[in-house]
Amino acid sequence: MSTELIINSKPSEVDIAILEDGKLMEYQTQTSQNDFAVGDIYLGKVRKIIPGLNSAFIDIGHPKDAFLHYNDLGPQVKSLLKYIRNTQSGGQQTAMLDRFKAEGNITKDGKIADVLTQGMPILVQITKEAISTKGPRLTSELSIPGRMLVLVPFNEKVAISQKIRRKDERDRLRMVLEGMRPKGFGLIARTNSMGKSAEELKADLDTLVKKWETMYAHLKKEKTKARVLSEEDRVSGILRDLFNDSFTSIVVDDESLFLEIVSTLDTIAPGRDKIVKMHTDKVPVFEKYGVDRQIKTSFGRSVPMTKGAYLVIEHTEALHVIDVNSGNRLNAKENQENNSLEVNLVAAKEIARQLRLRDMGGIIVVDFIDMVKSEHRKALYEKLCEFMKADRARHKVLPPSKFGLVQITRQRVRPATDIETSEPDPEGAGTIHAPINILGEIADSIEQLAKAGYHGISLHTHPFVAAYLTKGFPSPRLSWLFKYKRWIRIVPRDAYRYLQYRFFDRDRKMIKL
1 MSTELIINSK
11 PSEVDIAILE
21 DGKLMEYQTQ
31 TSQNDFAVGD
41 IYLGKVRKII
51 PGLNSAFIDI
61 GHPKDAFLHY
71 NDLGPQVKSL
81 LKYIRNTQSG
91 GQQTAMLDRF
101 KAEGNITKDG
111 KIADVLTQGM
121 PILVQITKEA
131 ISTKGPRLTS
141 ELSIPGRMLV
151 LVPFNEKVAI
161 SQKIRRKDER
171 DRLRMVLEGM
181 RPKGFGLIAR
191 TNSMGKSAEE
201 LKADLDTLVK
211 KWETMYAHLK
221 KEKTKARVLS
231 EEDRVSGILR
241 DLFNDSFTSI
251 VVDDESLFLE
261 IVSTLDTIAP
271 GRDKIVKMHT
281 DKVPVFEKYG
291 VDRQIKTSFG
301 RSVPMTKGAY
311 LVIEHTEALH
321 VIDVNSGNRL
331 NAKENQENNS
341 LEVNLVAAKE
351 IARQLRLRDM
361 GGIIVVDFID
371 MVKSEHRKAL
381 YEKLCEFMKA
391 DRARHKVLPP
401 SKFGLVQITR
411 QRVRPATDIE
421 TSEPDPEGAG
431 TIHAPINILG
441 EIADSIEQLA
451 KAGYHGISLH
461 THPFVAAYLT
471 KGFPSPRLSW
481 LFKYKRWIRI
491 VPRDAYRYLQ
501 YRFFDRDRKM
511 IKL
């Protein structure tokens, strides 16, 4: 698999697209006003204690108060509160914890009112961005992630990622990290630490310690409602968390961002900066690499798939609903059960992609096409779980219910990405689906007609569409000839609405799809 990172820089935002083997898999937008992002650490102020919820509302400067539950305080919260008091009073002379005397841990079943009081300053980290009417979700169990390690203050433990399975490697990492762990800090070895030398690990640790020192410097001078440590921008975060040998190209259209990425790669992957390319073409970078086209076909309420099948995706306040539709299929004479399985497997792969692409979180309910055989339902469930393995977000896939519904829970840290893909109808009748989608729909129909043995096919459509299908080299019509071994006669029809089309056989009878 080859991975490409395409970055489109605008005056007020940066659009980031990740392509895997040419297919758009992730799409993110970072605005210049990127406050209150996941991972940011704020010095907040306890605004209100809610004993009934065993939680507190924290003022961090966001329009909505942030939410902090007792379970998210972290066992070492008393040490954190003491560190804040000592730092702001001048008693804590250094950022490090060598001489800091830790407080005892809180119990798992305690009361938040026994730990926090109204008006108290507290360091908190955003774990979930504000969504709809809810403010950000917080934790006071702070962590500072790097490419290979995670630094955890007020902790004395070394933990190894569960994805590192070899016992000898786990033991090696544990021994190396115990030898370099600063007093009062814990360390977590991420998957990227596997096989790394002690020197590489120490360099990553030094970077994290500098971030902690930066936070300490801000804490000394800031009052409440201030950001004391910012999470890296999303481009740097993606490189930190995702960059590996599968990355074959990073294309960016902004010179300052280009230099920043080269510098980042020099640090995390020396020698790989040659894959970074500066886009100077007059054609916009997203159009050049097919990202704009894939956005048009991948977002919106209806998502087309192969062979006329499609997904309908609806978003509600409580959950996301995905309906799988088979469309009109010419091979209905074949076994309906096999048809259903075929469409469901295609849909499972597309659904796993859509969850990553739109960053859909919370509860997702999928209504697959009904299947009678239990072995087919089992095969579908196993395939869906397999496709979901590529998803970095925490998730769980439940087996199909007795109603044939599959429930998925997926970590939600920010609002789902929703891009409007419909366009104004040039004939003035409301809106229409993105015109780019029509090519895929027509091609799928021709494939079905070819498999069904049709020859002498005519395609009747609006004159604008007819002109587009015959222009260029190779034109879409010529491409269909090479791919499906069928020459399609294209007939412009003035009476047809824009994007309307129909197929006719050699006897001029309309073919019902």
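In my numbering, the protein residues as written are 1 to 513.
Don't be surprised by glycine CBs; every beta carbon is placed ideally from N, CA and C.
query	result
According to DSSP, residues forming a beta bridge with Ile408	Ile364, Val397
DSSP state of Thr267 mapped onto helix, strand, coil	helix
Exposure label - Met148; buried when at least 16 CB within 10 Å	buried
Limits of the unbroken alpha helix (DSSP H) element including Ala17	Where Ala17 is concerned, there is no enclosing alpha helix (DSSP H), although the beta strand (DSSP E) it sits in stretches over 13-20.
Spatial distance of Ala226 from Ile41 (CA atoms)	9 Å
Cross-strand partners of Glu314 (DSSP beta bridge)	Val321
Nearest-angstrom Cα separation, counted from Asn54 out to Arg47	14 Å
Per-residue burial, Ala309 [other beta carbons within 10 Å of its own, 16 or more giving buried]	buried
Same chain only: Cβ atoms within 7 Å of Tyr417, ignoring 5 sequence neighbours per side	The question names Tyr, but residue 417 is Thr in the sequence shown. Counting only Cβ-Cβ distances below 7 Å, and skipping sequence neighbours, we find Tyr27, Arg358, Asp359.
Rounded Cβ spacing between Val158 and Ile60 (contact assumed at less than 8 Å)	Wrong, their Cβ atoms sit about 31 Å apart, outside the cutoff.
Beta-carbon contacts of Asp204 that lie in its chain and below 7 Å, excluding the five residues immediately before and after	Gly146, Arg147, Met148, Leu149
Three-state secondary structure (DSSP) of Gly186	strand
Pick from Leu24, Ser132, Glu13 that is closest to Leu319, judged by C-alpha positions	Ser132
Length-filtered (4 minimum) alpha helix (DSSP H) runs lying within the stretch 205-265	234-242
Assumed close pair Arg486, Ile457 - CB separation to whole angstroms, cut-off 8 Å	6 Å
Residues of its chain near Phe504, where Cβ-Cβ distance is below 6 Å and the 5 sequence neighbours each way are ignored	Ser458, Met510
Range covered by the alpha helix (DSSP H) that runs through Asp359	Careful: Asp359 lies outside any alpha helix (DSSP H) and carries neither H nor E.
Beta bridge counterpart(s) of Ala66 as assigned by DSSP	Ile58
Beta-carbon spacing of Phe36, Arg137 below 7 Å	no
Met175, buried or exposed, once every other Cβ within 10 Å from all chains shown has been counted against 16	exposed
Contact between the stretch 265-274 and the stretch 399-408 (3+ Cβ pairs under 8 Å)	no
Anticipated Cβ contact below 8 Å, Cys385 with Val366, distance rounded	Actually they do not touch by this definition, with Cβ atoms about 13 Å apart.
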